[in-house]
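Enquirer:
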Amino acid sequence: MNIFDTLAISSIVNSFGVDPISSIDLNWIGKIISWIFDLFTGFYGAIALGVIVFTLCLKTLVLPLDIYSRVKTKKQSLMMERMRPQMEKLQKQYANDKNMYQQKVMELQRANGFNPLGACLPMVVSLVIFMVVFSSFSTYANYATLANYNEMVEAYNSSVSVYVQTDENDSDNSHFLIGSDNSYRVNFDKFIAYYEPYYNEFHKNDVDDKGNAAPKTFDKEAFLDKNENEKWEVVTEFVQLNAREAVVKWYAENKKATEFGWIGNMWYPDSMLNKKVPDFKSFSDAVARAMGSGVSATYEDNYNEVTFNLVNEKNTFNGYFVLIVLAIGLMFLQQFIMMRSQKAANELSSVDGSAAKTNKWMMIMMPIIFGVFSFFYSAAFSVYMIVNTLYGLISTLIINKIVAIRFEKKDNGGSGYSGRPSNKAKRLK
45 MNIFDTLAIS
55 SIVNSFGVDP
65 ISSIDLNWIG
75 KIISWIFDLF
85 TGFYGAIALG
95 VIVFTLCLKT
105 LVLPLDIYSR
115 VKTKKQSLMM
125 ERMRPQMEKL
135 QKQYANDKNM
145 YQQKVMELQR
155 ANGFNPLGAC
165 LPMVVSLVIF
175 MVVFSSFSTY
185 ANYATLANYN
195 EMVEAYNSSV
205 SVYVQTDEND
215 SDNSHFLIGS
225 DNSYRVNFDK
235 FIAYYEPYYN
245 EFHKNDVDDK
255 GNAAPKTFDK
265 EAFLDKNENE
275 KWEVVTEFVQ
285 LNAREAVVKW
295 YAENKKATEF
305 GWIGNMWYPD
315 SMLNKKVPDF
325 KSFSDAVARA
335 MGSGVSATYE
345 DNYNEVTFNL
355 VNEKNTFNGY
365 FVLIVLAIGL
375 MFLQQFIMMR
385 SQKAANELSS
395 VDGSAAKTNK
405 WMMIMMPIIF
415 GVFSFFYSAA
425 FSVYMIVNTL
435 YGLISTLIIN
445 KIVAIRFEKK
455 DNGGSGYSGR
465 PSNKAKRLK
């Protein structure tokens, strides 16, 4: 391509086209997430499939920590249940002295090999991993939103470049935009040759006020009689119409990756407050979460131009809160099962049972907190939470059952805790 070609394309595309928004760099976790999603390119629900695989891989990676933590937690709960008679006796004895109660409980626990912090470290490590991955996943979701938009911009600008003459001797009738130095002009003869069949096809089904067929045909002489500004308006409108349709075509070809059931765009919440294609403010907010700053308000006209023909998508609910409700419900179920498995610890860890009340509040607040995350973040995050919770539920039930059986066998064999202090234990006074 010579200097004429370069100036022609850059000058004209900049005049008719739209500038993309600068992208962001992903960290190594984001690149892994991107690689997983790329495995499902071309599949319907590719984003949902990628999230499911990513979550399963992550949960499997930290499974040893989860197993250790849950085994310890279940064992401690069973040991607390066996110590219940003595601890209830201590609750009555020291009902008015919380500090003394805690001291005696610690002595009893040490005497029977009970370590209340045994399950904490793996849980902390798992929580740190979750927060790091959550941050990277959230950044990637907004990165993908920006990338999808920039691809629509590319489709828009590619449509414009089709009409740009790339050689001075170019005889293709579609290349009617001509660049020279830092200016550009229109070869109206070439434009008319391209525009006339388009105009006639577009107006062939026109009807008059009475509903009678009244197709229109392009009037070349009338067009040539227009002044330069009027001609430019026709050319500009034609270029824009085709560029807008190029965006619609790109969207139709690529939407299957971001769709999932009733959800139109997995990168936005499953909510009636969101649309399949967001308005400029929602889009800018998503970009801000990824880049730290939103898109300048002066860019709004460009955004609206690129998404001009996606009217139905801009007015269609992105979802109906289904994933959000499901994520909250499963989290409640998980918290309930964990509460039941640690019933003794919750009831006996404080002299007045206040710990049990605190944990009940936690059972309520944790699902609500994650529900808020699902409400403000993406449907992809909701899928992550659902798969993550289901994985945790199933593994917890299996681990609890195995530990309970083994604990019972040891107890029956005389090697488990029998509810009485061992000979080596200090006698409590």
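Every number in this note's numbering is 44 more than the matching position in the sequence shown, counting from 1.
We put the CB at the ideal spot given by N, CA and C, even for glycine.
For T117, report the span of its alpha helix (DSSP H) as first-last.
Expert: Per DSSP, T117 belongs to the alpha helix (DSSP H) from L107 to R126.
Enquirer: Just tell me which of L107, I68, M123 and S113 has its CA closest to the CA of A448.
Expert: M123
Enquirer: Do the region 83–90 and the region 411–425 touch if we need at least three Cβ pairs shorter than 8 Å?
Expert: no
Enquirer: When the Cβ atoms of the region 125–133 are set against those of the region 84–103, are three or more pairs found closer than 8 Å?
Expert: no
Enquirer: In whole angstroms, what is the alpha-carbon distance linking Q146 and I443?
Expert: 29 Å
Enquirer: Is it buried or exposed, R384, if we count other Cβ atoms within 10 angstroms and call 16 or more buried?
Expert: exposed
Enquirer: Measure the C-alpha to C-alpha separation of K453 and V149 and round it to an integer number of angstroms.
Expert: 26 Å
Enquirer: From D269, D110 and F425, pick the residue whose C-alpha is nearest to that of Y435; which is it?
Expert: D110
Enquirer: Starting from the N-terminal side, write out each stretch of the alpha helix (DSSP H) that is 4 residues or longer and does not extend beyond the region 314–354.
Expert: 324–335 and 344–350
Enquirer: Excluding the 5 residues preceding and the 5 following K445 in the sequence, name in chain order all residues of the same chain whose CB lies nearer than 7 Å to its CB.
Expert: none
Enquirer: Are the region 298–317 and the region 250–268 in contact at 8 Å, needing three or more beta carbon pairs?
Expert: no
Enquirer: Looking at the unbroken alpha helix (DSSP H) that takes in N143, where does it start and where does it end?
Expert: K142 to A155
Enquirer: Quick one: using the 10 Å Cβ neighbour count with 16 as the cut-off for buried, is V172 buried or exposed?
Expert: exposed
Enquirer: Looking only at C-alpha atoms, which of Y347, Y238 and A191 sits nearest to V206?
Expert: Ranked by how close their Cα comes to the Cα of V206, the residues Y347, Y238 and A191 have Y238 in first place.
Enquirer: Could you give the DSSP three-state label for A257: helix, strand or coil?
Expert: strand
Enquirer: For G94 and chain D, any beta-carbon pair shorter than 8 Å?
Expert: The structure shown contains no chain D; it is built from a single protein chain.
Enquirer: One question on the structure: do V291 and I65 come within less than 8 Å of each other, judged by their Cβ atoms?
Expert: No, these two residues do not count as a Cβ contact at 8 Å.
Enquirer: Helix, strand or coil, according to DSSP, for V251 in the structure here?
Expert: Here V251 sits in strand by DSSP.
Enquirer: I need the boundaries of the alpha helix (DSSP H) containing S78, first residue and last residue.
Expert: W72 to D82
Enquirer: Could you check whether the region 270–283 touches the region 317–333, counting it as contact only if at least three pairs of C-beta atoms, one from each stretch, sit closer than 8 Å?
Expert: Using a Cβ-Cβ distance cut-off of 8 Å, the region 270–283 and the region 317–333 are not in contact, since fewer than three pairs of beta carbons, one from each stretch, lie closer than that value.
Enquirer: Can the beta-carbon of M196 be found less than 8 Å from the beta-carbon of W311?
Expert: no
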